[in-house]
Amino acid sequence: MSAADGAIAPTESALLTLREVTKSFGGLTAVNGVSFAVGEGAVVGLIGPNGAGKTTVFNLITGNYQPNHGDIHFTGQRLNGLRTHRIIMLGIARTFQNIRLFQQLTVLENALAGCHYRMSGGILAGMLWLPTQRRVEKAAVERAVQELEFVGLGQQTLTVAKNLSYGDQRRLEIARALATQPRLLILDEPAGGMNEQETEALIGLIEQIRARGITILLIEHDMRLVMRACEKLVVLEHGGKIAEGSPEQVRSDPRVIEAYLGTEDEV
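All residue numbers for the sequence shown refer to the UniProt record's numbering, where the first residue is 1 and numbers rise by one.
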């Protein structure tokens, strides 16, 4: 399906929907009337050349930016105007193009930071170390360890984050995001800087995350990962959507080939 005209398939069970979303910075329009939907349980790739507006779209979804025009809905709720912490509580978590870890803290402490959004107990319980707070803390540690084991870092809980390999730092960032208990996980170039073996392991991890019922929206320049991991692609160029469809449909779209992919033999 080519959907540069902004159409969204009416039969799609959408978890996330963007309709005619526009974002400008001064005289520069970074995102221009973009519409697409992410179905529940899907793995969707947002691709396009550098400067196409992909990360700006992510920042609009997660509340880092607010759209000048258009609407963003998640589970039927309008996200426009909501602060980032509220969006996380609704069930959206993300990683970043440039790794953002607490480099001086341990792997476990970084994962616990993700659990913070779901912790309760109150200030008084925390100050007095009441049984309620102890139970909350214990549950948070158990959750953090569970996610670390899930991404393959269960044996490195006491390692300082800066001492991890690059690929393991990427995995830790994913574990921290999963610790927020998201329904939608947004990955911004998760394979960036990875070698071939690490990328192959990442594809497997994405499949495992999806198997847990978590929907994934990702930006990625590694087209082999995109073609294998994603069931649907949305292609941006100069802030606008030029194509949308399955990997097979997108890779053969003349506009996409000209704008981004090169010849079909290169994909």
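For glycine and all other residues, C-beta sits at the position ideal for the given N, C-alpha and C.
**Request:** Compute the beta-carbon to beta-carbon distance between residue 37 and residue 60, rounded to the nearest angstrom, for a pair I have assumed lies under 8 Å.
**Result:** Counted from its first residue, the sequence shown places residue 37 at position 37. Counted from its first residue, the sequence shown places residue 60 at position 60. At roughly 15 Å, the Cβ-Cβ gap does not stay under 8 Å, so residue 37 and residue 60 are not in contact.
**Minimum length 4: unbroken alpha helix (DSSP H) runs contained in the region 26-78** = 54-61
**Asked** Does DSSP classify residue 258 as helix, strand or coil?
**Response** Along the sequence shown, one-based indexing puts residue 258 at 258. Note: residue 258 maps to helix in three-state DSSP.
**Message:** Just to confirm my understanding: we take residue 150, look at its own chain, exclude 5 residues before and 5 after, and list those with CB closer than 8 Å. What are they?
**Reply:** Numbered from its first residue, the sequence shown carries residue 150 at position 150. Excluding residues within five positions, the ones whose Cβ falls inside 8 Å are 175, 178 and 208.
**Message:** Suppose the cutoff is 6 Å on Cβ atoms and the five residues either side in sequence are ignored; what does the same chain contact list for residue 73 look like?
**Reply:** For the purposes of this step, residue 73 is taken as residue 73 along the sequence shown, with counting starting at 1. Cβ neighbours of residue 73 beyond the five flanking positions: 17.
**Asked** Taking contact to mean at least 3 C-beta pairs separated by less than 8 Å, is the region 100-110 in contact with the region 39-57?
**Response** no
**Request:** State the DSSP-derived secondary structure class of residue 188, mapped to helix, strand or coil.
**Result:** Along the sequence shown, read from residue 1 onward, the residue named residue 188 stands at position 188. Residue state, collapsed to three classes: strand.
**Message:** To the nearest angstrom, how far is the alpha carbon of residue 244 from that of residue 138?
**Reply:** As a first step, residue 244 must be located in the sequence shown, where it is residue number 244. As a first step, residue 138 must be located in the sequence shown, where it is residue number 138. Rounded to whole angstroms, residue 244 to residue 138 spans 45 Å at the Cα level.
**Request:** Label residue 134 either buried or exposed according to how many other C-beta atoms from any shown protein chain fall within 10 Å of its C-beta, with 16 as the threshold for buried.
**Result:** To locate residue 134, count along the sequence shown from 1; it is residue 134. Counting Cβ neighbours within 10 Å, residue 134 comes out exposed, since fewer than 16 surround it.
**Request:** Could you tell me how far apart the beta carbons of residue 159 and residue 145 are, in whole angstroms, since I believe they sit closer than 8 Å?
**Result:** Counting from one through the sequence shown, the residue named residue 159 turns up at place 159. Counting from one through the sequence shown, the residue named residue 145 turns up at place 145. Actually they do not touch by this definition, with Cβ atoms about 13 Å apart.
**Message:** Quick check: what's the CA-CA separation for residue 31 versus residue 65?
**Reply:** By 1-based counting over the sequence shown, the position of residue 31 is 31. By 1-based counting over the sequence shown, the position of residue 65 is 65. Between residue 31 and residue 65, the C-alpha separation is close to 11 Å.
**Request:** Let me know if residue 58 comes out buried or exposed under the rule of 16 or more other beta-carbons within 10 Å of its beta-carbon.
**Result:** Indexing the sequence shown from 1 puts residue 58 at position 58. Burial call: buried.
**Message:** Give me the DSSP bridge partner(s) of residue 18.
**Reply:** Residue mapping note: residue 18 aligns to position 18 of the sequence shown, counting from 1. Beta-bridge pairing links residue 18 to 36 and 72.
**Asked** Are residue 44 and residue 239 closer than 9 Å when you measure CB to CB?
**Response** What you label residue 44 is simply residue 44 of the sequence shown in a count that begins at 1. What you label residue 239 is simply residue 239 of the sequence shown in a count that begins at 1. No, they are not a contact pair.
**Item:** Classification of residue 256 by the beta-carbon crowding that lies within 10 angstroms, buried from 16 upward
**Value:** In the sequence shown, residue 256 corresponds to position 256, counting from 1. Under this definition residue 256 is a buried residue.
**Item:** Residue from 201, 185 and 85 whose Cα sits closest to the Cα of residue 219
**Value:** As a working mapping, residue 219 is identified with position 219 in the sequence shown. The candidate whose alpha carbon is nearest that of residue 219 is 185.
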